[in-house]
Structure formats: structure tokens, C-alpha cells
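Residue numbers (my numbering): 146 to 399. For every residue, glycine included, the Cβ atom is placed at its ideal position computed from N, Cα and C. What follows is one structure encoded as C-alpha cells, with my remarks underneath.
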Amino acid sequence: MSSELEFSENSQNNAIIQVFYPTCSAISTNYNGLEIRPKDTKKFLKKVMTLLYIQLSITILLSAIILSVKDIQKWIQSNNSFQLVSLGLSIISIAALRYRKTFAKKVPINYTLCAIFNIGVSVIIGNFVGIHFKNLIIFLAVSAFTIAIQWNLAMVALFIQKDLTKWYGAIFEFLIAGILAGIFLLPYLTNFVKIGFCVLFFSIYVIAIIIDFQAINGNGVFELTNDDYITGAIFLFVEVVGFLVYVIIVIFIF
């Protein structure tokens with residue numbers, strides 16, 4: 146009887162995951178001690194983190210170029226159509242990866258969409274950085290601080306007993322909305338409202354990063370499998386970039 150209840154509970158959790166994240170089929174029930182879709186976690190983590198840091202390097206490099214070369218910065222800021230195209234391509238590419246299972250897993254489509262999303266977001270972030278920073282060293286220091294926070298949260302995820310992976314993907318739209326709100330909406334709001342947004346989205350990004358590393362580690366009801374490396378890298382990239390945006394906002398509030 147207990148086995149039937151356990152199986153029923155796992156089935157319900159799996160259904161929740163499929164609703165919230167339809168592109169990912171990697172669900173581990175560990176039913177009767179049998180691990181479904183086993184993977185080499187260390188190798189998988191290395192692949193995800195390599196892709197993540199390639200994406201972050203591109204974003205930081207393009208942001209540094211836009212910040213340092215004033216002619217490029219002025220051209221982007223005065224060319225709204227270019228910014229809209231970058232934003233549109235980012236949304237289209239991430240939507241394709243988010244909702245189309247074949248696109249998220251098939252090479253080279255997944256790499257191509259990942260690259261388009263990365264470059265589009267990098268242009269938007271670069272413009273945001275160019276508006277708020279005048280000193281390249283300070284921007285690089287803030288970027289390093291944000292990445293250090295992400296690593297610390299990865300360590301924290303290893304010691305959290307509560308399984309949060311059933312919510313994997315459930316808050317992804319909030320992560321994207323947080324970046325867009327931070328860049329396009331918050332500059333026009335009062336500092337008091339900005340602080341409220343920062344507290345809200347810092348909390349969301351912290352929880353999301355912990356959930357991601359639990360899913361990568363594979364100890365919960367849901368885990369990423371070997372062919373979900375693009376998914377893992379994209380999610381972490383969005384979270385780190387979103388966290389960076391709000392660190393920048395906090396710096397310029399005070």
C-alpha cells in the first residue's frame with residue numbers, strides 16, 4: 146500500500162513538473178530504489194558550468210566593450226530599433242528553447258538558439274551597463290561579486306534538505322520578467338519602489354539558483370539528464386544576469 150502511495154505521489158510531482166517545464170523530460174522518481182536515467186553528475190556539472198561561463202564571458206566582454214567605446218555606446222543608445230531587434234531575438238530564442246523539447250535537445254539547433262539568446266541579452270545588458278557605469282573596473286568587480294554569490298549559493302544547495310526541484314521551471318518567466326523590469330521599468334520608479342523590487346527579485350533569484358543546483362545534483366524528485374545541459378546553462382545564465390542587474394540597481398540607489 147505504501148509503495149502505491151509513493152508511486153502516486155511521484156506521478157503527481159512528475160505531472161506538476163511537466164506542466165511547469167514541458168521541454169524537460171528528465172524526471173527521476175527513484176521508485177523502489179531504482180534511479181531513472183542515471184548520469185555522471187560531475188561530468189554533467191562541468192558541461193553546464195562550461196557553457197554558463199562561456200555565456201557570462203560573452204556578456205561581460207560585450208558590456209565592457211560598450212562601456213569602454215563611447216561611439217558604440219552612443220550608437221546603441223540612439224538606435225532603438227537595434228535594441229528592439231536584440232530584445233525580440235532574445236525572447237524568440239528563449240521561448241523556442243523553453244517550450245520546444247526538440248529544439249532544447251537537438252544539436253546544433255540548441256547551440257544556435259542559445260548563442261542568439263546570449264548575444265541579444267548581452268547587447269541589452271551592455272547598454273544597461275553603459276548607462277549606469279563610467280568605470281570599467283567597478284563593473285568587472287561587480288560582475289566578479291555576482292559570480293561569487295552564485296558559487297556560494299551552489300554550496301548552500303548541497304546542504305538544504307528540503308527538495309525544491311518539483312518547482313523547477315515554475316518561476317522561469319518571473320526570472321525573465323525580473324530582468325526586463327530591472328532594465329526598462331525601474332529607472333522610472335522611486336527609490337522606495339526600487340528597493341521593494343530588489344528585495345523581491347533577489348529572493349526569487351536566490352531560490353531559483355538553489356533549485357537549479359539541486360536539479361543538476363539529481364537528489365530530488367526532478368533532475369536534469371545528460372541531454373539537458375543547454376537547459377541547465379540557460380537557466381543559470383538568466384539567474385546570474387538577473388542578479389547582476391539588481392546588484393547594479395542597488396549600487397545606484399545608494
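Per DSSP, reduced to three states, the secondary structure at Phe347 is helical.
Per DSSP, Tyr198 is one residue of the alpha helix (DSSP H) stretching across Thr186 to Ser213.
With contacts defined by Cβ atoms closer than 8 Å, Ile270 and Ser231 do not form a contacting pair. C-alpha of Thr310 to C-alpha of Arg243: approximately 17 Å in a straight line. Going by beta carbons, Val193 and Ile292 fall outside the 8 Å limit. Between Ile356 and Leu298, the gap from beta carbon to beta carbon reaches 8 Å or more. When the beta-carbon positions are compared, Ile211 and Val274 come within less than 8 Å of each other. Closest option to Lys188, judged by alpha-carbon separation, among Phe388, Leu389 and Ile361: Ile361.
Residue range Ile254 to His277 is occupied by the alpha helix (DSSP H) that includes Leu258. Taken in chain order, the complete alpha helix (DSSP H) segments of 4 residues or longer contained in the stretch 282-329 are 317-325. Distance from Ala241 to Leu258 at the Cβ level is roughly 5 Å; contact confirmed, criterion being Cβ atoms closer than 8 Å. Restricting attention to Ile396, Glu368 and Phe284, the CA atom closest to the CA of Thr186 is found in Glu368.
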